[in-house]
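This report refers to the structure that appears directly beneath it.
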Amino acid sequence: MACSFAWPKLTALTCHHPPHPPTGSPLRRPPPAAAHLRLVPPLFVLPSLRDWVQLVIRFSSMHGVKQPRNPWSDGPEHIAQCPIKSNKNYTQEIVLTDEVGTLWWHAHSDWSRATVHGAIIIKPKGVNYPYRPLPDPDEKTIIIASWYNGNVEDEFEKARNLLGPAPSDAYTINGHAGNCFRDCEANVSVISVESSKTYLLHIVNAVLNEEMFFAIDDHNLTVVAMDGAYVAPITFPYIMLGPGNTMDVLLTTKNESTTNYYMAAGYYHSGGPDPLTLSATALLQYKSDAVMPTCSADFLPTHEDFDKAENFTNSIKSKDPQVVPPMTPGRQYVIEIAAYGPNTFNPPCIKSGKCNDSLEYNATFPHNQSEYGPTLHGNNVILLEYGDVVDIVFQGTSRGAETHPMHVHGYSFFLLGRNYSTFNNNSLINTVNPPVLNTVSVPTNGWAAIRFKADNPGKISCISLKKNRTPKKRRPSSLVELVDPILKNVIGGIYFPIQCRDHVHQTRLIHSTHPNMHCKSKKMVTVNGMFPGPEMVVYKNQGENVSIFVNVYNEVHNEEEPLGITIHWHGVKQPGNPWSDGPEYITQCPIKFNMSFTHEIIFSDEVGTVWWHAHSNWSRATVHGAVIIKPRQGTNYPYDPHPLKGDERTICHWYIIYILHFYIIYGLIFHDFHVAANRTIIQVESNKTYLLHIVNAVLNQEIFFAIANHTLRVVAMDGAYVEPIDSDYIMFGPGNTMDVLVTTNQSNGSYYMAASYYSSRTVKTSTATALLQHETPSNPSCPTDLLPAHSDTDKAKSFTDKIKSKDEQHVQDQTVRYIIGISTYRGPPIHSSLSNISFVRPNATTILNASISNVYNTNYPMDPSQYPNPVFSGTNVILVDYGAIVEIVFESHRPEAHPMHVHGHSFFVIGRGYNETFNRTTGPASYNTTYPSLLNTVSVLNQGWAAIRFTANNPGVWFIHCHLERHATWGMATALIVKEGNNASMQRSPIMPPC
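Heads up: the sequence shown begins at 1 in full-length UniProt numbering, then just goes up one per residue.
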């Protein structure tokens, strides 16, 4: 789905084609608070004729957009949402269905729509407009609006205090009042045209309080659409439209012209000041050097011209005959309109201005005003059954002797009739070709009857457009930086665009080719065409929560089988937000080809380095990148020596093919001891301290890493600070991250850095190398003893045992303990298990969304002895109460290491054992609860055990699995479900990818 804009430097919108919603389907879930997105009008959307289009944008109200099942993004304050407060933000999903032509967006708070508004233009995709003549591609937008010399909010206060607002000081066309009828020189809007062409004008009446005439001197206007629906074409020398109405108008220019022409907009009202002092003018310019016309508005109807207003309005009919359903018995509402009653609606808000979620509305809205006496104030609403066919008759009264443009949110309606009289059931109505509108002008002391089918669940608002409020402008609450490696040889596919705009990242997944990778080239899935993927850098202080929003688009097209994708934010706890955690069929279904999903990533107490990666099949082999969390400017890292500002390096170890064949560092193999290959060079200066952000993104092995002749100081691991340790090497498992200081205190030259696997088993693979290069390069020999031997368990254990927390911890005693046995069976078939259960994920829903007992069961064994051999398959999960102190002892039953990862939590590693099973008596006696390391992924070494403990204070569903991809694939996994409680609950679900 392509989206384009008329202005440059705009954040791209997400567009995709979701399935058509089933008839009678329930409300969509409300979206999360979301990203800051700047948009300058007009907004162009190019849907196919029957396509649905979804746009993720930030506005108050999308006028004329029906928003099927999605009232959450409709916008009227205290009806569908509370106002967006200062320094806050909200993402609205705009669902376009059968709308065509011109709509608009505007603020829906106080009177701020006077200046906060813009056009939405919906164009056919790949087909022509259904009217003739076809317009020139150069379409024009005209927005008529109000201008107040003073503060618009002051006018709002006058109206609210029943003093009555003064008329606007002027009207504007595209932001300018024009140079006619003014005491001062005013700017004039110019619309340039060429002779003998037909132009399509998109016209919006954004005026606050008046219906408007609009005309172009000596030119006819042909109306072809109104309020987002086609009409039978009508040609007039003028048009008349109420506040909120939009029109698509064809303008055919003269064959040849030596002059320019004025266009003008003036209000229609049965009384008031001389319109010449208020009318806006603009210029239809044939040539820049053409003769300027004399200021005149003779071509515009006078502001009291009732006959011309009625003649035009009554000419609007639908383009095609309509099938108007009969009204459901008992569903006619005759609503009197009065400026001071009789039924005054109060928005559900308490005096503090906060939304009162507990406030109930009153569903006893009268069918006829005679049911009520004097004016009352209340939250009276119309309550309908799904599928009702509703008639609403708006009846003007002498208590509001003016026209009223009445707008219904969430629907277009048939305008059955209107007249200057009192409505009765014998009044004539048109059910053959009534226009389809969303805003109808109710005549002074007259009536207008509309009909629609109530097939859009939610709270809608039916309001006069002579009132309205605005969200405050925001500034970002955190700084976000994006490091964007350069992509070459993109050949197209799926995408995860990451672009930085305040808190918004857009992420594209693409197929790309990387030449000479281990002397080979291949097509693979990447993010934004980058391998490794782009880094995200977040600035935050400890104790501060920051949300980042990432729009993930899947454009990977595989002709054999389309690739679904999910993204996991590894090491990010996501408090209350499992919806964006990412493991497929645990918290979400895969994002299908040509669809998208917006993740909200909530950073809480994480520091240093975490990372993101795909969580679908083995696609994280190439779909991944680092996330760097830095202290805000003005604060330093809490360790010495401080790294040189700006001199931080990211090293990611990636395994790029499924067969255990070779490793790479930062996307290149460098030298590998056996073949000539590209190398990565990290350029440094002598006698400085650098901070390395190191990620182990290898699929299936733990890794040793070292730099020749340099000491590595580990200061953080898995997003938490550790007591600094100095070592010649580091060892970490798949999924672990480390922050490492290296001081370049060696002589000038080049030094190898190397990465290779640790395993008690022999694995055919090679060592990846790169260069740490000082100012004066050298040509070092490939080292042979830089790394420990791949089976050196003593070195692995020695390093692992050194990892301790930076500060003393207060680890609480457990309230529940699970001892989980880890096993792999060579089969056939091959399978892995936790506590003799080989985990089976759902494939038609997710555990997070499941509410039926046959999707998962909570009969999880506290000890593997409860489920002796043989292994069985099942979707068994661990269910714990909120606040439980959970201890899990992972016990390996085979001679290989297992990096066990827990989503949604960090945990204390309180004990380990090597080459032994966990002793239920002596094991707990050896626990370290004073300075345990705080990790999210723990390596359970060969036939040993590791005990972890954490507080279950994050409601939701959280995946637990071995981070060796082959083991997770074979079933070495389960899920942890933390109940809500103690005023802690999950966020409301966003609109999730369909299964």
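From the three backbone atoms N, C-alpha and C, an ideal C-beta is built for every residue, glycine too.
| Query | Result |
| --- | --- |
| Limits of the unbroken alpha helix (DSSP H) element including A448 | Where A448 is concerned, there is no enclosing alpha helix (DSSP H), although the beta strand (DSSP E) it sits in stretches over 447–453. |
| Which listed residue (M240, T917, L300, Y690) has its alpha carbon closest to that of N314 | M240 |
| Enclosing alpha helix (DSSP H) for P405 [first to last residue] | Taken as a continuous stretch (DSSP letters only), P405 belongs to no alpha helix (DSSP H), being part of the beta strand (DSSP E) at 404–408. |
| Cβ shell of N545 (< 8 angstroms), same chain only, five flanking positions each side left out | P575, I602, F603, S604 |
| Alpha-carbon spacing of G564 relative to F549, whole angstroms | 20 angstroms |
| Nearest residue (CA-CA) to G608, options D728, V715, L699 | V715 |
| DSSP-derived helix/strand/coil call for F799 | helix |
| Collapsed DSSP secondary structure at G923 in the structure displayed | helix |
| Counted within 10 angstroms of its Cβ, other Cβ atoms place Y622 as buried (16 or more) or exposed | As written in the sequence, residue 622 is Thr, which differs from the Tyr given in the question. So T622 counts as buried. |
| N-terminal and C-terminal residue of the beta strand (DSSP E) that W611 is part of | 608–614 |
| S892 and I822 closer than 8 angstroms at C-beta | yes |
| For L879: DSSP bridge partner residues | I977 |
| Distance CB(H790)-CB(Y757) smaller than 8 angstroms | yes |
| Backbone CA spacing between D739 and P724 [nearest angstrom] | 10 angstroms |
| Rounded straight-line distance, which links the Cα of H903 to that of Q701 | 20 angstroms |
| Which residues DSSP lists as bridging D728, in chain order | Per DSSP, none; premise fails for D728. |
| Coil, strand or helix - A177 by DSSP | coil |
| Nonlocal neighbours in the same chain, by C-beta distance under 6 angstroms from T711, ignoring five residues either side | D726 |
| Distance, P534 Cα to A626 Cα | 7 angstroms |
| Paired residues, beta bridge with G956 - DSSP | V978 |
| According to DSSP, residues forming a beta bridge with S750 | Q773 |
| Length of the line joining the Cα atoms of R38 and T845 | Confidence at R38 is low in this model, with a pLDDT of 27, below 50, so the placement of that residue should be treated as unreliable; the coordinate-derived value is given next. Taking the straight line joining both Cα atoms gives about 35 angstroms. |
| Beta-carbon spacing of E211, P405 below 8 angstroms | yes |
| Rounded straight-line distance, which links the Cα of N174 to that of H599 | 36 angstroms |
| Alpha-carbon spacing of N696 relative to H810, whole angstroms | 29 angstroms |
| F312: first and last residue of the uninterrupted alpha helix (DSSP H) it sits in | 306–313 |
| Local conformation of T929 per DSSP, three classes | coil |
| Residues of its chain near Y882, where Cβ-Cβ distance is below 8 angstroms and the 5 sequence neighbours each way are ignored | A952, N953, P955, V978, K979, E980, G981, N982, A984 |
| Segment contact, 8 angstroms Cβ cut-off, at least three pairs: the region 431–442 with the region 231–248 | yes |
| Run of the beta strand (DSSP E) containing R912, from where it starts to where it stops | 907–913 |
| From E194, G378, A206, T252, residue whose alpha carbon lies closest to that of L221 | T252 |
| C-alpha distance - R418 paired with N425, whole-angstrom precision | 13 angstroms |
| Status (buried if at least 16 other CB within 10 Å, exposed otherwise) for A925 | exposed |
| Given 8 angstroms, three or more beta-carbon pairs between the region 796–816 and the region 914–934 | yes |
| Residues near Y333 by beta carbon distance below 6 angstroms, same chain, minus five either side | H367, I392 |
| Cα-Cα separation, P301 to E153 | 31 angstroms |
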